[in-house]
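Data block below; observations after.
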Amino acid sequence: MPTTQPISTMSLSDVARLAGVQRPVVSMWRRRPLRNTPFPSPQPDGRYLADDVVTYLRATGRGNNPEPELATDLTVTASPTADPADRADILSLLAARAILGGDALAGVDVEDLLDDVEVLDPDDEWLFSEIEDADVDRLAPQADAIADNAFSTAEAYEELRSRTLSPGGLATDLITTLSDITTALLGENGTLVDVDATASDIALSVTTDESRTATRVLVATPPAPAQGNTAVHRTTAATAPIRQCLRRYRVHSLAARTTDLLGDWDLTEGSVILARVAPSPGAAMATIDELTLHMDPTTTALVIGPASILIDELPTDQVGARDAFLRDGLVRAAVRLPRGLLSEGGGEHLALWLMGPGDPGHLWAGDLSGIGFGESTRQQLLDDVVAAARASHHGRRAFALLHRTDTTRLLARSLPLTALDVSPTDPFPVSAADDAARMADLLRELAAPMTDPFHEVRPRATGSGSAGSSTLGDLARNRLIQVLPGHRFEPLPPGQQRMWTAETVASRRPDAVDLMTLTARHPDVALTRPGDVVFTSAGSPHAVVDAEGGSAVAEPARVLRISPTASLSARAIACAINALAPTPGKGRWRSWTVPVVTGSRSDAEEALARVDSWEDQIRTRLDLLDELRRLATRSVTSGAVSFVDTHANPRDGKASDGS
Numbered sequence: 000m001p002t003t004q005p006i007s008t009m010s011l012s013d014v015a016r017l018a019g020v021q022r023p024v025v026s027m028w029r030r031r032p033l034r035n036t037p038f039p040s041p042q043p044d045g046r047y048l049a050d051d052v053v054t055y056l057r058a059t060g061r062g063n064n065p066e067p068e069l070a071t072d073l074t075v076t077a078s079p080t081a082d083p084a085d086r087a088d089i090l091s092l093l094a095a096r097a098i099l100g101g102d103a104l105a106g107v108d109v110e111d112l113l114d115d116v117e118v119l120d121p122d123d124e125w126l127f128s129e130i131e132d133a134d135v136d137r138l139a140p141q142a143d144a145i146a147d148n149a150f151s152t153a154e155a156y157e158e159l160r161s162r163t164l165s166p167g168g169l170a171t172d173l174i175t176t177l178s179d180i181t182t183a184l185l186g187e188n189g190t191l192v193d194v195d196a197t198a199s200d201i202a203l204s205v206t207t208d209e210s211r212t213a214t215r216v217l218v219a220t221p222p223a224p225a226q227g228n229t230a231v232h233r234t235t236a237a238t239a240p241i242r243q244c245l246r247r248y249r250v251h252s253l254a255a256r257t258t259d260l261l262g263d264w265d266l267t268e269g270s271v272i273l274a275r276v277a278p279s280p281g282a283a284m285a286t287i288d289e290l291t292l293h294m295d296p297t298t299t300a301l302v303i304g305p306a307s308i309l310i311d312e313l314p315t316d317q318v319g320a321r322d323a324f325l326r327d328g329l330v331r332a333a334v335r336l337p338r339g340l341l342s343e344g345g346g347e348h349l350a351l352w353l354m355g356p357g358d359p360g361h362l363w364a365g366d367l368s369g370i371g372f373g374e375s376t377r378q379q380l381l382d383d384v385v386a387a388a389r390a391s392h393h394g395r396r397a398f399a400l401l402h403r404t405d406t407t408r409l410l411a412r413s414l415p416l417t418a419l420d421v422s423p424t425d426p427f428p429v430s431a432a433d434d435a436a437r438m439a440d441l442l443r444e445l446a447a448p449m450t451d452p453f454h455e456v457r458p459r460a461t462g463s464g465s466a467g468s469s470t471l472g473d474l475a476r477n478r479l480i481q482v483l484p485g486h487r488f489e490p491l492p493p494g495q496q497r498m499w500t501a502e503t504v505a506s507r508r509p510d511a512v513d514l515m516t517l518t519a520r521h522p523d524v525a526l527t528r529p530g531d532v533v534f535t536s537a538g539s540p541h542a543v544v545d546a547e548g549g550s551a552v553a554e555p556a557r558v559l560r561i562s563p564t565a566s567l568s569a570r571a572i573a574c575a576i577n578a579l580a581p582t583p584g585k586g587r588w589r590s591w592t593v594p595v596v597t598g599s600r601s602d603a604e605e606a607l608a609r610v611d612s613w614e615d616q617i618r619t620r621l622d623l624l625d626e627l628r629r630l631a632t633r634s635v636t637s638g639a640v641s642f643v644d645t646h647a648n649p650r651d652g653k654a655s656d657g658s
């Protein structure tokens, strides 16, 4: 007898997630019908039929999801009101579909499916029990629907997983930074070790980089509990996170090897160990102590954990274990990170340790708690940590964020690891000559005159024309503009290909990603054309004109393309969008009012292009000033660099009077 599928329903919070808006916006939709299309009526239990919601969103164009039907099954499954056991089983079924490489699971004989899974997981280490316990006949159609509406089954798995994670995961910016550090430290034949299945986000970011050769991944886990003479592999509260981690690696075609945390890891040269330690000082130090036993002179470790354990003062009965790592010279760098680097935006400070054989008398320390974790800070942290790892054989360099600290003073006074600035007994760890030379270059560039884009023209009144305007919604309905959604990208390695994101549209500076990786993973991605407007309504509205074209655009940013026959100016539209305030109602781009050109379109574009030229030059000057200020703060305040009077007499050091 065929299994009856439940009718998919949604709460108002689910509707908001599907539409990509805040929950109060949906309440407003219920009160204010649009185009004579009322909001769907609730069911007796107060929920809404998913099909009715999709029909409503398509008919009204409301929300920020241009294709809501593709995400309906995912939204229903990920809803907090959905059965968590069903959600876990659907995630396991998606894993099975991705790993087996087949198409639909619905209609497949359950025993045949179990046979196929058993071939992959004969010892029931990561999947067999989950599929055996799942109600496959009932849940397979839902898993198939989620997979069929995604770019791939693996992407569907990741999307559902990301929506159902428990609080406490690492924020994307931190994952990217740790991945970049790991990539820089990992040797050509090095092994990547995931301690206690806590670092799959970082490991997958590194191993999916197609510019690298295949990297061996080792998952070091606590000793498995035993029952008689047989290891217990079936899912328990203790083993579930490890099984989930191993499944995730398999979904991405990575057959990670497992080993006992207390066993022989047999690491290759240039290996990197990744560990996120528990919020308990005793457990954290025990994990760190164990991983240090597997390190040799070519191995490094990155440890992430609470700053209260890795950096701050500890009680007397707990500080001894941490002090031992410092005395042995195993902590090469210790960094307190800014707040907000947990995926749920928690206020806890995390910290990073770089571990490896080093100088017992010194470590590199940095306190980033008072600064933002923007692109510049992330790049400086990457450069400093990699330099600290290689300091013993690459000589001195300028450090932007880290200071060389006297470990003996920290130990003697039981200070937090970031309490001291540069030790006065140490030479200043910055190349003064390099900083002085760079500051001289910056001063020359700042002193050079800017080009006047208006030097050959001047404004002149030519008439009394009236300004025109229209909403983007009306322009789109009249096919004078076309609004295209951005693409969904996973993290991509840096390179030369321009990419606009919501953040970079706001800053008007595109990211640069690797072109080969982009085209390999997304061969059909559409790029901008010259003169396209890239905009976003996330937070405050922002827009930028992509004058050159050829850029990728990541959601939630969108592309606004103007018809060649329309009396519209891309730069004027971008200016109007940037002037919008983040007030209620402005988030819906169709309601935005933009100027219509009633005079010469070419004259308008040319004049605004000249204005943009001024802005580009000024922004470049501001970047130069930021760099000069940073160098001066680092070098002049320490006395490593000073500014001397260029008119001084070299014989007596006095200024010349010019006579």
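In terms of numbering that gives the first Met the number 0, the sequence shown opens at residue 0 and continues consecutively.
Positions of the beta carbon are idealized from the N, C-alpha and C atoms, including for glycine.
Beta-carbon proximity of residue i to residue j, cut-off 7 Å
i: A435; j: V640; result: yes
i: L349; j: L340; result: yes
i: W613; j: L471; result: no
i: T417; j: I310; result: yes
i: A255; j: R162; result: no
i: L544; j: V552; result: Sequence check: residue 544 is Val here, not Leu. Result no, Cβ atoms of V544 and V552 do not sit closer than 7 Å.
i: L353; j: V384; result: yes
i: E604; j: S568; result: yes
i: R242; j: W125; result: yes
i: L260; j: E289; result: yes
i: V218; j: A153; result: no
i: L73; j: T8; result: no
i: T297; j: E268; result: yes
i: P492; j: T516; result: yes
i: L113; j: L104; result: no
i: L69; j: A18; result: no
i: L560; j: Q481; result: Residue identity differs from the one stated: residue 560 is Arg in this sequence, not Leu. Result yes, Cβ atoms of R560 and Q481 sit closer than 7 Å.
i: D510; j: T503; result: yes
i: S10; j: R46; result: yes
i: T315; j: L266; result: no
Candidates the options: closest to residue i by CA position
i: R557; options: P563, R528, S568, A565; result: R528
i: R628; options: L380, M438, P540, A418; result: M438
i: L514; options: S536, G549, R508; result: G549
i: G530; options: E547, A81, M294; result: E547
i: L483; options: N64, D602, G371, A505; result: N64
i: R215; options: Y248, P240, P221; result: Y248
i: A446; options: S128, G106, L621, E131; result: L621
i: A237; options: A196, I272, S178, R443; result: A196
i: P240; options: L624, V610, D13, A87; result: A87
i: L245; options: A606, V135, A94, L266; result: A94
i: R589; options: E626, S375, R487, D473; result: D473
i: L138; options: D179, P23, V75; result: V75
i: A306; options: S199, P415, A320; result: P415
i: L409; options: T54, G328, P43, S375; result: G328
Rounded distance between the beta-carbons of residue j and residue i, thought under 8 Å
i: P594; j: A573; result: Actually they do not touch by this definition, with Cβ atoms about 11 Å apart.
i: L96; j: A15; result: Per the sequence presented here, residue 96 reads as Arg, with Leu not at that position. Actually they are not in contact, since the Cβ atoms of R96 and A15 sit about 29 Å apart, beyond 8 Å.
i: R160; j: L99; result: With 8 Å as the limit, R160 and L99 do not qualify as a contact, their Cβ atoms being about 18 Å apart.
i: L273; j: T181; result: 7 Å
i: A608; j: P555; result: So it is not a contact: roughly 27 Å between Cβ atoms.
i: S204; j: T175; result: 7 Å
Buried versus exposed call for residue i [16 or more other C-beta atoms within 10 Å across all chains shown]
i: R331; result: buried
i: G638; result: exposed
i: F427; result: Reliability fails at F427, whose pLDDT of 39 lies under 50, so the model's placement of it is uncertain and the value that follows must be treated cautiously. Classification for F427: buried.
i: H646; result: exposed
i: E194; result: The question names Glu, yet the displayed sequence has Val at residue 194. Burial call: buried.
i: F453; result: exposed
i: E455; result: exposed
i: Q496; result: buried
i: G101; result: exposed
i: I370; result: exposed
i: G485; result: buried
Any chain C beta carbon closer than 7 Å to residue i
i: W613; result: Although the question refers to chain C, the structure presented lacks it and comprises just one protein chain.
So within the region 118-176, which uninterrupted alpha helix (DSSP H) runs reach at least 4 residues, ignoring any that extend past its ends? Segments of the alpha helix (DSSP H) lying fully in the region 118-176: 127-132, 135-147, 152-162.
Where in the region 510-554 do unbroken runs of the alpha helix (DSSP H), each at least 4 residues long, occur, reported from the N-terminal end onward? Segments of the alpha helix (DSSP H) lying fully in the region 510-554: 514-520.
At what residue ranges does the region 339-388 contain a whole run of the beta strand (DSSP E), taking only runs of 3 or more? Counting only runs of 3 or more, we get 349-354, 361-366.
Please list the segments of the alpha helix (DSSP H) lying wholly inside the region 278-320, counting only runs of 4 or more residues, in order along the chain. The qualifying runs are 280-291, 306-309.
Please give the ranges of any alpha helix (DSSP H) in the region 52-107, keeping only runs that are unbroken, at least 4 residues long and fully inside the region. Listed in chain order, they are 71-77, 83-99.
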